[in-house]
Amino acid sequence: MSRGEQSMVPEPTFESYYGRPILKEPTWKTPDVPIYLWIGGVAGGSALLAEGAALSGLPGLERVTRLTAAGGAVVGTVALVHDLGRPERFLNMLRVFKPTSPLSVGSYILAPFSSFAGAAAASHVTGVAPRLGRLAGLGAAVFGPPLATYTAALFANTAIPVWHEAHRELPFVFGGSAAAAAGGTAMLLAPVAETGPAVRMAAVGAVAELGVSHRMEQRLGMLAEPYGKGLAGRLMRLSRALTVAGLGLSAVSAGASGRGRPWARRLAGASYSAGSLALRFAVFEAGRESARDPKYVVVPQRERIRAREEAARSAASETGSGTLSG
Amino acid sequence: MSRLSEFLSPESLWGRLDDVSGDAGHEDHPPRMGFFTDTSVCIGCKACEVACKEWNEVPDDGYQLTGMSYDNTQQLGASTWRHVAFVEKTLPSRAKPAPEVTDLGMPGSGPPGREVTLPHGEDQATESGDSGLRWLMSSDVCKHCTHAACLDVCPTGSLFRTEFGTVVVQEDICNGCGYCVPACPYGVIDQRKPDGRAFKCTLCYDRLKEGQTPACAQACPTESIQYGEVDELRVRAAARVEELHAKGVDVARLYGADPDDGVGGDGAFFLLLDEPEVYGLPPDPIVTTRDLGAMWRHVGAAAVALAGVGAASFLGRPFAGRWGR
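Protein sequence lines, in the order shown, are assigned to chains F and D.
Residue 71 is where the first sequence starts when you use the working numbering, and the numbers rise one by one after that.
Residue 59 is where the second sequence starts when you use the working numbering, and the numbers rise one by one after that.
Next comes the structure, spelled out in structure tokens:
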């Protein structure tokens, strides 16, 4: 049944105003915003890998991850600004600092991250001011993980049911997804012999992404429906398939260096990264679906009221059974 | 510093808050002003919608006929700051099955000694007794929440709390990020395309500053929309509910008037004659910042975990420890 059509058999569990949505659908653009979420993860994770590579003497990995972090910061900033309804007013974002607004906090994570990652990459490529470049790289590594995970608060701090109610799991889903994407990108682009750490990071991230997102859906119960149907459902299944394929291919290419089957490692990396991208699109689409259908607003809120009343009743009967006689 | 205290005291994020303007940093401010919309006397004339459009110079938002009811505005939005919902609700059959008698088409036909009475529904039940149709009309508006999610999430400070305790968008500061749109638990504020900025009811901030009544309330012919001090309106609303209950209208209930609800009570609240969702209102809205602490804690933990995974991935590698080359 398409949206706007009236069912002949009314759903017994909830009422609504002609099936019209209660919430407003996010006006955020796609693909801008899902790409922003993904690229923030890639860039943030890459900054971590870059510092590790520098400290443990892996120049090939360091080069690729520094460039990925800087490139991701540029693309992410462009995607963010492009998404604004009035890009010329981007600087209004820096008028205030508001902890209650994850977008405000995010601006103050993205801005230093971009500066540090850009400076580190520039220094690495040109060889100018190497010590300052490393210091900038360290700065990027510090701001990288928050960049990868704050977007979960960005989504959770809305009234969109599948986002808000998942506020405990979403940061870990996004964090795992970021590790998978950054590790995967490095596996795809760095010299195969130096991708050992990236393989480990991607694998741990992929397992976390699969595990926590599964747990999230279990806990959301009926609210997880949008993750299983329609476009979001297809994207979610695609994401899972790609991530599992990444794990499998990664195992095929296993070995200290993966020298035997470099193609498998490259393919695993691409698969991880694409799986992470699909996940971001899936989460975005599921949010839009849950805003469109009043069921996802009314049914859980009714349930909440019912549970509250039940708790109040049982508390009253426990403490003051004498009131029954009065 | 009020900004700092705003983030330190939990009641600033959710829960009861009696001095909403003071909490926002207004010293020596007027009393909180708001709307009490008594839908039991709404006649669905939409004068409020028109008055709002005219006074605030809100552009037309397209002429859309959905065919769902006589309501052709459908919902609140960037260019609809008052919206009158028309609920045409079919009631399930209350009549007992008709007795198996042959109707001779004569008055008073039926078994001897028994008067045939037509089933009397409450409202406008049809004579056949099959079902009844109930008409509900309700003028909806921005709720001007005590804890307003739109205001909390706005990254530019474009949304602000006025000295009257209302929530207003500064149009020249809004950068069109659209964060307020999915943050509103009532689905009120929206982005105006292609303008890009977000708009909603200002509770006629310009009129309030001149001591005038908002345009919608002034235009309302039945005083369904009442404007005044929120404290006084709450008393008036409670009295009206009691009056209706005394008349047997048991379904009358207040919506958004409780200062202990999920948004700390609304500056614009309603007397409804059915469940909120029937009018397109959420039954139990909660300001999203109630969970802000948990959100940031989980984000922080996930970030630390990610950093840990990054570091652990290099375990077993020789430590070069070089700074520069």
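A virtual CB, placed ideally from N, CA and C, is assigned to each residue, including glycine.
Residue range of the unbroken beta strand (DSSP E) whose run includes residue i
i	result
S196 (chain D)	G190 to V199
A326 (chain D)	A326 to L330
I283 (chain D)	I283 to E287
L312 (chain D)	R311 to Y313
L217 (chain D)	L217 to R219
Exposed unless 16 or more other CB atoms sit within 10 angstroms - verdict on residue i
i	result
K147 (chain D)	exposed
R289 (chain F)	exposed
R355 (chain D)	exposed
E380 (chain F)	exposed
K305 (chain D)	exposed
G254 (chain D)	buried
V195 (chain F)	exposed
R335 (chain F)	buried
M292 (chain F)	exposed
T124 (chain D)	exposed
I344 (chain D)	buried
D349 (chain D)	buried
Neighbour flag for residue i against chain F, beta carbons, 7 Å
i	result
L191 (chain D)	no
P341 (chain D)	yes
S144 (chain D)	Here residue 144 (chain D) is Phe; the residue named in the question, Ser, does not match the sequence. For F144 (chain D), the answer is no, since every Cβ of chain F falls outside 7 Å of its Cβ.
T214 (chain D)	yes
A360 (chain D)	yes
L364 (chain D)	yes
H202 (chain D)	no
G382 (chain D)	Bear in mind that the predicted position of G382 (chain D) carries a pLDDT of just 45, short of 50, making it unreliable; the figure below should be weighed with that in mind. True, the Cβ-Cβ gap to chain F drops below 7 Å.
V357 (chain D)	yes
F372 (chain D)	yes
D324 (chain D)	no
Proximal residues of chain D, C-beta to C-beta of residue i below 9 Å
i	result
W98 (chain F)	C235, G236, Y237, V239 and P240
Unbroken alpha helix (DSSP H) run spanning residue i, endpoints
i	result
A190 (chain F)	P172 to T196
K104 (chain D)	Premise fails: K104 (chain D) is in no alpha helix (DSSP H) and is neither H nor E.
M91 (chain D)	First-last for M91 (chain D): M91 to D96, but that is the beta strand (DSSP E), not the alpha helix (DSSP H).
F144 (chain D)	Premise fails: F144 (chain D) lies in the beta strand (DSSP E), R140 to L149, not in any alpha helix (DSSP H).
V227 (chain D)	Unbroken run through V227 (chain D) is the beta strand (DSSP E), V225 to V227; no alpha helix (DSSP H).
H87 (chain D)	Segment: none, H87 (chain D) is in no alpha helix (DSSP H) and carries neither H nor E.
L312 (chain F)	G300 to V322
Y263 (chain D)	Y263 to K267
M25 (chain D)	Since the first and last residues shown for chain D are 59 and 383, residue 25 (chain D) lies out of range.
S79 (chain D)	V78 to D81
Beta-carbon proximity of residue i to residue j, cut-off 7 Å
i	j	result
S341 (chain F)	A252 (chain F)	no
A302 (chain F)	A356 (chain F)	yes
C100 (chain D)	S196 (chain D)	yes
N233 (chain D)	L154 (chain F)	yes
V148 (chain F)	P157 (chain F)	no
T214 (chain D)	N162 (chain F)	yes
A268 (chain F)	M286 (chain F)	no
A241 (chain D)	V225 (chain D)	no
V367 (chain F)	I105 (chain F)	no
A236 (chain F)	G111 (chain F)	no
H141 (chain D)	D198 (chain D)	yes
G325 (chain D)	V288 (chain D)	yes
Any chain D beta carbon closer than 7 Å to residue i
i	result
I109 (chain F)	no
V277 (chain F)	no
V151 (chain F)	no
G122 (chain F)	yes
V232 (chain F)	no
M71 (chain F)	Bear in mind that the predicted position of M71 (chain F) carries a pLDDT of just 43, short of 50, making it unreliable; the figure below should be weighed with that in mind. Answer no: the Cβ-Cβ gap between M71 (chain F) and chain D never drops below 7 Å.
Y178 (chain F)	no
A242 (chain F)	In the sequence as presented, Ala is not what sits at residue 242 (chain F); that position holds Phe. Yes, F242 (chain F) counts as interfacial toward chain D.
P215 (chain F)	yes
Partner residues on chain D for residue i, Cβ-Cβ distance less than 7 Å
i	result
T228 (chain F)	P240, A241 and T346
V367 (chain F)	P340
M163 (chain F)	P213, T214 and N233
E287 (chain F)	Correct list: empty, because the minimum Cβ distance to chain D is about 17 Å.
E85 (chain F)	E333, E335 and V336
Neighbouring residues, chain F, relative to residue i (Cβ below 8 Å)
i	result
G83 (chain D)	Simply none; closest approach about 13 Å.
A352 (chain D)	H237 and R238
V199 (chain D)	Residues of chain F passing the Cβ test: none, with the nearest at roughly 15 Å.
S127 (chain D)	Y88
Any C-beta of chain A under 7 Å from that of residue i
i	result
H205 (chain D)	As a matter of chain content, chain A is missing from the structure shown, whose protein chains are F and D.
Closer than 7 Å at the beta carbon, the chain F residues around residue i
i	result
V367 (chain D)	A249, M271, V274 and G275
G245 (chain D)	P91, I92, L93 and K94
A285 (chain D)	It should be pointed out that residue 285 (chain D) corresponds to Tyr in this sequence rather than to Ala. Those within 7 Å of Y285 (chain D) in chain F number zero; the least Cβ separation is about 25 Å.
Within chain D, the residues that residue i reaches when beta carbons sit closer than 8 Å
i	result
I375 (chain F)	P341 and D342
Under 9 Å by beta carbon: chain F residues contacting residue i
i	result
Q249 (chain D)	K94, T97 and G155
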